[in-house]
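In this note's numbering, the protein residues as written are 1177 to 1255.
Glycine included, every Cβ here is placed at the ideal spot set by N, Cα and C.
Everything numeric in this text was worked out from a predicted model, so none of it was measured.
The structure appears below as structure tokens.
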Amino acid sequence: MLAERDWLNFPKTLPVVKASIDTGHLGTYWSLNGGQFGKITVAYLKYMFYADQGAKKLFLEPNSSLVADGWNISTRNWN
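Given below as structure tokens:
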């Protein structure tokens, strides 16, 4: 799987996130408000552009609502 190879090849000091959920190739973007993909995308953008700590926690906490929705999330250097 190319994405997995990319994940392993990112520089070890680079802040990275990998999130996956069992959907088709286009995910849920055609659902109301983008569905599950819309939710995780908005959270990512809120953290990246506004340093929203609540959005960041969605990626870092093992019991976050993203994980409860079925996302498998791995992060590196997001602390």
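| Check | Outcome |
| --- | --- |
| Contact set for L1236: own chain, Cβ-Cβ below 7 Å, skip 5 residues either direction | T1251, W1254 |
| Sequence-distant residues of its chain with Cβ nearer than 8 Å to W1247 (five each side left out) | A1195, S1196, I1197, Q1212, I1216 |
| Proximity winner among F1186, H1201, L1242, T1199, relative to V1218 (alpha-carbon distances) | L1242 |
| Host beta strand (DSSP E) of S1241 (start-end) | Not the beta strand (DSSP E): S1241 falls in the alpha helix (DSSP H), residues 1241-1244. |
| Cα-Cα separation, A1231 to D1182 | 24 Å |
| Residues sharing a beta bridge with K1194, DSSP | S1250 |
| Delimiting residues of the alpha helix (DSSP H) encompassing E1180 | 1178-1185 |
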